[in-house]
Amino acid sequence: LQDAVSPSVQPYLGFSCKGPIQTVYKFLADRHSTKLLDDPLIDIATREILAERKTRSKIESEIKRKEKAVAALKTNYRSQHLSSEDIHLCRYSICDNDSFLNSNRV
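Its first residue numbered 1, the sequence shown is counted upward by one per residue in this note's numbering.
What follows is the structure in structure tokens.
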């Protein structure tokens with residue numbers, strides 16, 4: 001992408017790869033659904049499950065808890081403005097950010 005916005009490359013592409021940043025908050029605000037971010041279940045639904053020093057049963061328990069939290073969020077916040085898929089997209093975006101931050105801690 002860095003080269004794609006270069007003035008020397010831009011004429012060959014015929015389109016711009018650059019666009020406005022869409023945050024999870026803005027996405028939800030546009031759909032009147034920011035309360036999703038205040039729900040305590042969002043922490044469970046987006047928490048990274050790390051296997052370090054955990055038994056298999058502990059990991060499975062965390063996975064089940066996370067799945068239940070995701071299902072509850074979809075049930076509680078799905079509306080005419082926000083689909084289950086939208087909630088999934090937001091959750092994945094938050095998870096990706098958290099995973100990036102966790103893996104890049106110094």
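Ideal Cβ positions, reconstructed from N, Cα and C, are used throughout, including at glycine.
Pairwise C-beta distances place the stretch 36–51 out of contact with the stretch 8–15, as fewer than three of them are shorter than 8 Å. Around the CB of VAL70, 16 or more other CB atoms lie within 10 Å, so the residue is classed as buried. Residue environment analysis places LYS54 among the exposed positions, since fewer than 16 neighbouring C-beta atoms fall within 10 angstroms of its C-beta. In this model, ILE49 and VAL5 are separated by some 37 Å (Cα to Cα). For the pair LEU73 and LEU36, the CB atoms are nearer than the 8 Å cut-off. Exposed is the label assigned to LYS58, since fewer than 16 other Cβ atoms lie within 10 Å of its Cβ. Taking 4 residues as the minimum length, the alpha helix (DSSP H) runs contained wholly in the stretch 36–96 are 41–46 and 56–77, in order along the chain. Under the three-state reduction of DSSP, PHE15 is assigned to coil, being neither helix nor strand.
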